[in-house]
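Numbering (the numbering used here), first residue to last: 6 to 85.
Backbone N, C-alpha and C define an ideal beta-carbon position, used for all residues, glycine too.
Everything below concerns the one structure shown next.
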């Protein structure tokens, strides 16, 4: 039996970045930034824009917008 962990990008996106799971992401982000969030919208295009011509495109795990207009870029990072 394989045990799934949210440390895996695919599992993390399924839990926090899937339509219908906004409440889970909202509670997760509220606990991290220690601010109440009334509403959150997960954006489909989770890419960072290039600032320089030679920059690589950054693909995020989750890109969201809070009710106050703040853009939130969420990326799971794991260090051994």
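### Query
DSSP on residue 48, reduced to helix/strand/coil?
For the purposes of this step, residue 48 is taken as residue 43 along the chain shown, with counting starting at 1. Strand at residue 48.
### Query
Where does residue 15 fall in DSSP's three states?
Along the chain shown, one-based indexing puts residue 15 at 10. The answer is helix: DSSP assigns residue 15 an H, G or I state.
### Query
How far does the beta strand (DSSP E) with residue 70 in it reach, from first residue to last?
The residue given as residue 70 occupies position 65 in the chain shown. Per DSSP, residue 70 belongs to the beta strand (DSSP E) from 67–71.
### Query
Roughly how far, in whole angstroms, is the beta-carbon of residue 69 from the beta-carbon of residue 46, given that I think they are within contact range, below 8 Å?
Residue mapping note: residue 69 aligns to position 64 of the chain shown, counting from 1. Residue mapping note: residue 46 aligns to position 41 of the chain shown, counting from 1. Going by Cβ atoms, the distance from residue 69 to residue 46 rounds to 6 Å, so yes, they are a contact pair.
### Query
If we count the other Cβ atoms within 10 Å of its Cβ and call it buried at 16 or more, is residue 67 buried or exposed?
Walking along the chain shown from the start, residue 67 turns up at place 62. Buried is the call here.
### In DSSP terms, what residue 53 is bridged to
One-based indexing of the chain shown puts residue 53 at position 48. The partner list for residue 53 (beta bridge, DSSP) reads 63.
### Query
Quick one, which of 62, 48, 54 has its alpha-carbon nearest residue 18's?
Numbered from its first residue, the chain shown carries residue 18 at position 13. Cα-wise, what sits closest to residue 18 is 48.
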